[in-house]
Amino acid sequence: MPDYKPAPEQPVRRPARVPWFAAGLGIPLVSVALLGGPPAPESATAGQAAQAAALAGEVSATAAPATVAADPAAAAAGAVAVLPAVEPPPPPGETVRLTVRRGDSLDRLFARHDISRADLARIMQLDLAREHLRLIRPGDTISVRHEMGHVLSLDREISLTEALHVERVEDEGYRAELKARELERRPVVASGTIDSSLFEAAAAAGVSDRLIMNLAGIFAWDIDFVLDIRRGDSFRVLYEELWRDGERLGEGRILAAEFINQGESFKAFYYEDPTGRADYYDPDGRSLRKAFVRAPLSFSRISSNFNPRRRHPKLNTIRAHRGVDYAAPTGTPVKAAGDGKVIFRGRKGGYGNTVILQHGGNITTLYAHLSRFGKPRTGSRVRQGQVIGYVGATGLATGPHLHYEYRVNGVHQNPRTVKLPDAEPLDPAWLPAFREVSAALSRELDAHRPLLASQAPLPSS
């Protein structure tokens, strides 16, 4: 008897129909019933198949079911044909890990593993599933638990702490939810002393560039990491390492830090108040997030400092330099030093392309020699850290750099040394709890304080 092949979307055993023939004797027709497998799952309708095409990327035609033909040899012998033994199905709930390849769509990914695309269409009708499955990239993985190709559950990691979980529900089809993923957070302390650069000191301490940039971001309101860093400056940082199932996944948040800059100590402690607002505070409970940052762009080198008696490099005349120049590659993003309003955006003589922001307290900041402007236009409100332009060499500039000015009531101030307005302090009602948290973090940090040469134990004689 020839083999039969079920349709790709119905890989289940069907009840077998046994053919028989009477050899010309006119015997009345009788039927022989054999036990079959479980009923086939509900197949996709035409509308679901079309939706699968729209949501998953392509439609695959479903082959027509094959029929079981009579066995001539058995007919000649007048016997009932018996189906050959079938391999037992795999245990229910097999889990496969689907890895996205270049050029894959969800439809192609499911087809490659013989998993129902009709089920995929039903899953993609769920808003939460569609949001987190629509965009896939090479290397992404999706875990699918299935029975004979029909999806029982699906899981996809969204972040280190969250995952999408889709599960089959008999009466509802499928249900999707975001599940928290438990992490082990191990506190780690690292410290370093700057010799040539902050990044090299960080690498020597075993911390990543990302972590050291976060450290610089915490102290950005007090320290200009472009101009103020000196050899001999040092740092200590208490941060979280993230682990799961014995595997190190990366670095978490900074819990506490100290940066000693030119002999002055700056400390920061992470604290989340009872309302859920989290920030970094100094030991007295004052937020480090001030109204202005010291530098309006990330790490670079200085080419000219604040100098009211500077000789202009192009005009060869004594001309006051009432700002700070940051040399940086053309196209480096320039960010607003504080919240404010754009009061000028355009060409301004020797300044070239210029943006001027108006802040509270009669403070204005100016950003000059830009190669091009950011999205904010004249009259727009901007937030601290928002990109307002890009480094260039327009106007009387000898090379690509940012010229930055800080003015109070129209009078130029040195952006590096001017006293910046403080941010709001912590609510007094929460100070006792903050002091308890910061004291514990400080003890952890101090336990790893590097010894000074004068404190080091003398060698034994």
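Read in order, the letters of the sequence shown correspond to residues 110 to 570 in this note's numbering. Where is the CB? At the ideal position from N, CA and C, for every residue including glycine.
Check	Outcome
In DSSP terms, what PRO515 is bridged to	Per the sequence presented here, residue 515 reads as Tyr, with Pro not at that position. Beta-bridge pairing links TYR515 to THR474, GLN522.
Whether THR208 touches SER252 by CB criterion (8 Å)	no
Buried/exposed call for ASN471, threshold 16 Cβ in 10 Å	exposed
In DSSP terms, what LYS484 is bridged to	DSSP lists no partner for LYS484.
Buried or exposed (CB count within 10 angstroms, at least 16 for buried), GLY434	Here residue 434 is Asp; the residue named in the question, Gly, does not match the sequence. Classification of ASP434: buried, given that the 10 Å Cβ count is 16 or more.
Straight-line Cα distance separating GLU309 from ASN416	In this predicted model, ASN416 has a pLDDT of only 39, less than 50, meaning its place in the structure is not dependable enough to derive any value.
GLY248 versus ARG210 - alpha carbon distance	6 Å
Bridge partner(s) assigned by DSSP for THR204	ARG254
Whole-number beta carbon distance between PRO509 and THR439, since they are thought to touch under 8 Å	4 Å
C-beta contact flag for VAL402 and ALA329 at 8 Å	yes
C-beta atoms of ASP504 and VAL496 nearer than 8 Å	Going by the sequence as given, residue 504 is Gly instead of Asp. It is not a contact, given that the beta carbons lie outside the stated cut-off.
Per DSSP, the bridge partner or partners of GLN467	LYS450, THR473
Those residues which DSSP pairs with HIS510 across a bridge	ALA436, GLY501
Sequence-distant residues of its chain with Cβ nearer than 8 Å to GLU271 (five each side left out)	LEU287, LYS288, ALA289, ARG290
Which residues DSSP lists as bridging LEU273, in chain order	ARG265, LEU287
DSSP bridge partner residues for GLY301 (one or two, in chain order)	PHE344
Rounded Cβ spacing between LEU215 and LEU242 (contact assumed at less than 8 Å)	6 Å
Those residues which DSSP pairs with TYR380 across a bridge	ASP388
GLU356 - containing beta strand (DSSP E), residue span	356–370
Endpoints, alpha helix (DSSP H) assigned at PRO541	540–555
Nearest to ASP448 (by Cα), restricted to the options GLY458, LYS399, ARG486	LYS399
Residues that DSSP places opposite ARG490 in a beta bridge	LYS450
Whole-angstrom C-beta distance between PHE378 and VAL546, which should lie under 8 Å	7 Å
Top-ranked residue by Cα proximity to ASP555, from GLU350, VAL297, ARG492, HIS222	VAL297
When ILE465, VAL527, GLU553, MET233 are compared against GLY488, the one with the closest alpha-carbon	ILE465
Own chain residues within Cβ distance below 8 Å of ARG486, not counting five before or after	VAL451, ARG454
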